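Okay, structure first, notes after.
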Amino acid sequence: KKRKANMDAKNPKYILRNYMSQMAIEEAEKGNYSLIEELYQLIKRPYDEQSGQEKWFAKRPEWARNKVGCSMLSCSS
Numbered sequence: 557k558k559r560k561a562n563m564d565a566k567n568p569k570y571i572l573r574n575y576m577s578q579m580a581i582e583e584a585e586k587g588n589y590s591l592i593e594e595l596y597q598l599i600k601r602p603y604d605e606q607s608g609q610e611k612w613f614a615k616r617p618e619w620a621r622n623k624v625g626c627s628m629l630s631c632s633s
């Protein structure tokens, strides 16, 4: 229990991933900023259990696997 508590204190449960950012960008381009707000609230407390936010504690969805900006980034310089 002590080891788990120590790990939980040093490793965030929620990390902003590329696919999450891309989803928020696409919604914002449509004029819907609610996902940006949701993700902002999520990452304000990345170490805490957050009721109703389990969907963000998961592996990258399959649709994001080959989507530009979601799985790989490249540098244009």
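Using this note's numbering, the first residue of the sequence shown is number 557, and each one after it goes up by one. The beta carbon of each residue, even a glycine, is placed where N, CA and C say it ideally should be. Bear in mind that the values here come from a model prediction, so they are computed numbers and not experimental data.
message: At the level of alpha carbons, what is the spacing between residue 624 and residue 584?
response: Residue 624 sits at position 68 when you count from the first residue of the sequence shown. Residue 584 sits at position 28 when you count from the first residue of the sequence shown. C-alpha separation (whole angstroms): 17 Å.
message: Check for me: the alpha helix (DSSP H) holding residue 574 runs from which residue to which?
response: Numbered from its first residue, the sequence shown carries residue 574 at position 18. Its alpha helix (DSSP H) spans residues 574-585.
message: Taking only three categories from DSSP, how would you classify residue 621?
response: For this step, residue 621 is matched to residue 65 along the sequence shown. In this structure, residue 621 counts as coil in the three-state DSSP scheme.
task: Can you give me the start and stop residues for the alpha helix (DSSP H) that residue 607 sits inside?
output: By 1-based counting over the sequence shown, the position of residue 607 is 51. That residue, residue 607, is in no alpha helix (DSSP H); it is neither H nor E in DSSP.
query: With 8 Å set as the bound, which would you pick, yes or no: does the beta-carbon of residue 625 sit closer than that to a beta-carbon of chain D?
result: Any reference to chain D falls outside this structure, which holds one protein chain only.
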